[in-house]
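Novice: Questions regarding the structure given below will be posed in turn.
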Amino acid sequence: MKIKMTLPVLAMLILSGCSVGKYDYSSEAMKRVDMNFTGIPTVLGIGSLGTSIPITPEYSLTAAHVAKLSVQKVKAYHPYCDLAIIYHKNDIKTLPKFRDGAIGESVKMYGYSFISAMPVESSGVNLTLTGIRNEWNKRPCVAMASNAGVVKGMSGGAVYNSDDTIGGVIIGFTNELKRPKKSPVPLKDVSLYIPYQDFKEWLEKSTS
1232 MKIKMTLPVL
1242 AMLILSGCSV
1252 GKYDYSSEAM
1262 KRVDMNFTGI
1272 PTVLGIGSLG
1282 TSIPITPEYS
1292 LTAAHVAKLS
1302 VQKVKAYHPY
1312 CDLAIIYHKN
1322 DIKTLPKFRD
1332 GAIGESVKMY
1342 GYSFISAMPV
1352 ESSGVNLTLT
1362 GIRNEWNKRP
1372 CVAMASNAGV
1382 VKGMSGGAVY
1392 NSDDTIGGVI
1402 IGFTNELKRP
1412 KKSPVPLKDV
1422 SLYIPYQDFK
1432 EWLEKSTS
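Numbers 1232 to 1439, taken from our numbering, label the letters of the sequence shown in order.
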């Protein structure tokens, strides 16, 4: 998947609600991702804020805004995207495989709900690439928009491609993607994740 620097949409991560789309409890999510804790309590007082992905016996991958408040020590922050590698002891015998996803490809998302502290998953398809600019994402960061459901707490969770490879890291959702005047109706209530293409070299360098 080739990511162009000029993109047709721009996301601002407007989080006015708690979730977008449909998601369900998932025992499978417990096998693929971990819950991250911080000192900030949830509505249940548990203190879970985000999700992380085990990638080696020593490291996990997550969103930078999750890592910033996590109890785990941070090994590396991505230079311009909302990503971080944290130190985390993982009992994994087979390292996960990564692959670039494609627009129109089916995906599954795994994470933990900030509301219930339960593992959840959702399904959908990749819709479009979008530039993304906020406190955690700078130029030239690119995100993939999907219609798979996301609830707060899933940030840092895994996006799996149709062949069970990891295609990216969940960073949040937005109520609407702004599009050019010539485009059709704006995309609404979409989940956003950083695609593998955006962090492949950084990940390899930071974990080698």
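Glycine is no exception: its CB is placed at the ideal position from the N, C-alpha and C atoms.
Going by DSSP in three states, Met1375 sits in which element: helix, strand or coil?
Specialist: What you label residue 1375 is simply residue 144 of the sequence shown in a count that begins at 1. Here Met1375 sits in strand by DSSP.
Novice: Helix, strand or coil: how does DSSP classify Thr1396 here?
Specialist: For the purposes of this step, residue 1396 is identified with residue 165 of the sequence shown, where counting begins at 1. Correct three-state label for Thr1396: coil.
Novice: According to the neighbour-count rule (16 or more other Cβ atoms, all chains shown, within 10 Å of its Cβ), is Gly1335 buried or exposed?
Specialist: Numbered from 1 along the sequence shown, position 104 holds the residue referred to as residue 1335. Flag for Gly1335 reads exposed.
Novice: I'd like to confirm the pairing. Which residues does DSSP put opposite Ile1284 in its beta bridges?
Specialist: Locating residue 1284 in the sequence shown gives position 53, counting from the first residue. According to DSSP, Ile1284 bridges with Leu1292.
Novice: Roughly how many whole angstroms lie between the Cα atoms of Tyr1427 and Cys1372?
Specialist: Here residue 1427 corresponds to residue number 196 of the sequence shown, with the count starting at 1. Here residue 1372 corresponds to residue number 141 of the sequence shown, with the count starting at 1. The straight-line gap from Cα to Cα measures roughly 12 Å.
Novice: Would you give the residue range spanned by the alpha helix (DSSP H) that Lys1261 belongs to?
Specialist: Taking the sequence shown and counting its residues from 1, the one referred to as residue 1261 is at position 30. Residue 1261 is actually Met in this sequence, not Lys. Residues Ser1258 to Arg1263.
Novice: Indicate whether the contact test is met: 3 or more Cβ pairs, each with one atom in the stretch 1351-1361 and one in the stretch 1313-1325, closer than 8 Å.
Specialist: Judged by Cβ distances under 8 Å, the stretch 1351-1361 makes no contact with the stretch 1313-1325, as fewer than three pairs qualify.
Novice: Taking buried to mean at least 16 other C-beta atoms within 10 Å of its own C-beta, is Met1266 buried or exposed?
Specialist: The residue labelled residue 1266 in the question sits at position 35 within the sequence shown. Label assigned to Met1266: buried.
Novice: Compare the beta carbon distance of Ile1401 and Gly1342 with 7 Å and say whether it is the shorter of the two.
Specialist: In the sequence shown, the residue the question calls residue 1401 occupies position 170. In the sequence shown, the residue the question calls residue 1342 occupies position 111. Closer than 7 Å, so yes.
Novice: So Thr1359 is in the beta strand (DSSP E); what residue range does that whole segment cover?
Specialist: Taking the first residue of the sequence shown as position 1, residue 1359 is located at position 128. Unbroken beta strand (DSSP E) run through Thr1359: Pro1350 to Ile1363.
Novice: Under three-state DSSP, which class holds Tyr1427?
Specialist: By one-based count along the sequence shown, residue 1427 stands at place 196. Helix, per DSSP.
Novice: Return the first residue and the last residue of the beta strand (DSSP E) that Ala1307 is part of.
Specialist: As a working note, residue 1307 is residue 76 in the sequence shown. Val1305 to Tyr1308 is the extent of the beta strand (DSSP E) around Ala1307.
Novice: Measure the Cβ-Cβ separation of Ser1337 and His1319 and say whether it is below 7 Å.
Specialist: Locating residue 1337 in the sequence shown gives position 106, where the first residue counts as 1. Locating residue 1319 in the sequence shown gives position 88, where the first residue counts as 1. No; because the gap between Cβ atoms is not below 7 Å, this pair is not in contact.
Novice: For Ala1379 and Lys1304, I'd like the C-alpha separation in whole angstroms.
Specialist: Locating residue 1379 in the sequence shown gives position 148, where the first residue counts as 1. Locating residue 1304 in the sequence shown gives position 73, where the first residue counts as 1. If I take the Cα positions, the gap works out to 30 Å.
Novice: Considering only DSSP beta bridges, list what Gly1388 is partnered with.
Specialist: Position 157 of the sequence shown holds residue 1388. In the DSSP output, where bridge partners are listed per residue, Gly1388 has none listed.
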